[in-house]
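Residue numbers (our numbering): 3 to 466.
Below is one structure, written out as structure tokens; the observations come after it.
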């Protein structure tokens with residue numbers, strides 16, 4: 003099997019080491035390629051005959067030696083004239099927006115992003131990658147750059163006169179820089195730390211090659227410029243809209259949950275809110291699922307606006323890849339041994355990868371798993387109901403699975419919850435048990451705004 007060729011289109015670098023004297027060289031090169039520029043995966047193939055051979059530690063050092071220690075990634079410094087152009091654009095703007103992407107995380111520039119938004123009065127939005135750049139309670143943070151999971155972002159982008167996108171790509175999430183997400187009247191500027199990523203953003207009106215941290219630090223100095231007005235009315239308007247959105251979401255969910263057809267069952271958004279209520283300010287929250295993921299994303303914004311702090315959040319990313327939750331949670335616990343780690347997982351997501359829970363027991367990394375148990379692959383069945391004339395579910399409904407007793411059988415703690423008022427006490431008991439635990443919560447399946455929008459788009463396409 004030509005694994006080098008298979009991995010090549012999926013990685014930044016793919017090679018086979020055919021000379022044992024060059025192992026150091028290849029590993030060093032691969033590591034630098036992975037961590038520099040636009041960071042990404044690399045692939046090295048080591049033939050079996052080399053793998054089971056022995057070579058001296060200084061193999062290959064007879065040639066011109068190179069430093070084998072880990073080196074700090076090279077950072078791009080902005081061209082002064084192009085940086086000045088961007089700063090002047092911001093000085094002239096009255097309704098600017100900051101959108102942060104993964105490049106901010108790689109540059110360790112989260113604090114710079116928060117300070118720039120707060121100091122200059124620029125609302126900050128986060129592209130829904132795996133990483134959370136700012137705490138949801140941050141003053142400058144408004145929400146996800148996603149009109150379905152945070153609807154006020156649509157108003158912000160449509161009314162803005164300047165969008166500064168830092169460390170991100172104009173991909174499908176950003177509608178490739180096109181309307182209606184970014185109207186033609188809005189000037190779009192992309193700041194990226196590598197030539198590779200700049201090439202993805204050719205649709206921008208202006209681009210700047212710069213390490214995100216270097217750019218944001220330069221941005222912060224603008225607060226001392228006499229040409230910067232510092233008018234915070236736009237910033238305050240976006241904060242007001244976030245507050246109004248929070249109020250409306252909570253009211254809508256309460257109304258839905260109290261409706262007769264809901265049958266007194268728990269709404270998934272209520273579950274995600276209550277789980278956070280049971281957590282401490284330094285605890286880690288992990289999310290896994292389809293609708294479970296999307297409702298939980300909304301919930302962390304709601305709770306954050308109300309002042310809730312968390313130590314960190316991990317989630318399956320834009321495409322909601324089912325089954326990553328347990329491995330994410332165990333990894334978080336492995337790094338943060340003295341912190342509680344709580345996973346909110348859909349039942350389908352847990353069945354997709356949750357049996358790796360044995361690693362939590364085996365390695366003594368206790369985590370708490372809260373199952374959003376709606377009895378099936380709800381994200382799929384809800385689309386089937388809307389796409390198929392019969393509304394029939396095909397291979398998406400589960401039996402009544404006793405997840406909590408499975409954890410008990412493995413030596414952990416387990417509880418079944420059917421009433422909302424029991425969620426917080428049950429999660430607190432699970433955390434306090436000191437064991438890997440499961441709180442199995444029976445909820446009603448509710449289609450999330452983003453899945454509803456996607457289904458409507460598919461329905462329209464099938465009709466056409």
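The beta-carbon is built from N, C-alpha and C at its ideal position, and this holds for glycine as well.
These figures come from a predicted structure and were not determined experimentally.
Buried or exposed (CB count within 10 angstroms, at least 16 for buried), residue i
i	result
residue 79	exposed
residue 210	buried
residue 342	buried
residue 249	exposed
residue 212	buried
residue 260	exposed
residue 159	buried
residue 278	buried
residue 73	exposed
residue 182	exposed
residue 243	buried
residue 110	exposed
residue 294	buried
residue 406	buried
residue 129	buried
residue 171	buried
residue 50	exposed
residue 143	buried
residue 392	exposed
Candidates the options: closest to residue i by CA position
i	options	result
residue 118	133, 134, 89	89
residue 330	4, 114, 133, 12	133
residue 238	208, 274, 120, 216	120
residue 356	389, 289, 419	289
residue 382	280, 320, 454	454
residue 400	176, 375, 392	375
residue 184	99, 298, 215	99
residue 123	235, 34, 49, 187	235
residue 324	372, 195, 292, 364	292
residue 94	296, 189, 286, 420	189
residue 439	421, 431, 415, 445	415
residue 251	386, 305, 166	305
residue 506	393, 397, 427, 441	Since the displayed the chain opens at 3 and closes at 466, residue 506 lies outside it and no answer follows.
residue 426	403, 280, 17, 389	280
residue 389	372, 339, 456, 41	456
residue 37	75, 227, 340	75
residue 131	147, 113, 208, 229	147
residue 216	372, 6, 114	114
Residues that DSSP places opposite residue i in a beta bridge
i	result
residue 45	16
residue 399	378
residue 439	370, 415
residue 268	445
residue 209	192
residue 101	127, 167
residue 345	288, 371
residue 314	286
DSSP three-state assignment for residue i, whether helix, strand or coil
i	result
residue 381	helix
residue 287	strand
residue 329	helix
residue 358	helix
residue 415	strand
residue 203	coil
residue 365	coil
residue 128	strand
residue 464	Because residue 464 sits at a pLDDT of 47, beneath the cut-off of 50, its placement in the model cannot be relied upon, and the following sentence gives the value as read from the coordinates. It is helical.
residue 230	coil
residue 109	coil
residue 252	helix
residue 22	helix
residue 427	helix
residue 149	coil
residue 307	helix
residue 239	helix
residue 40	coil
residue 176	helix
residue 144	strand
residue 245	helix
residue 340	coil
residue 121	helix
residue 91	helix
residue 79	coil
residue 137	coil
residue 457	helix
residue 32	helix
residue 187	coil
CB-CB length for residue i against residue j, believed under 8 Å
i	j	result
residue 345	residue 327	5 Å
residue 412	residue 360	7 Å
residue 46	residue 57	About 15 Å separates the two Cβ atoms, so there is no contact after all.
Check: residue i C-beta below 7 Å from any heavy atom of the ligand GTP
i	result
residue 347	Inclusion of the ligand GTP in the displayed structure is not the case, the ligand content being empty and no account of it being possible.
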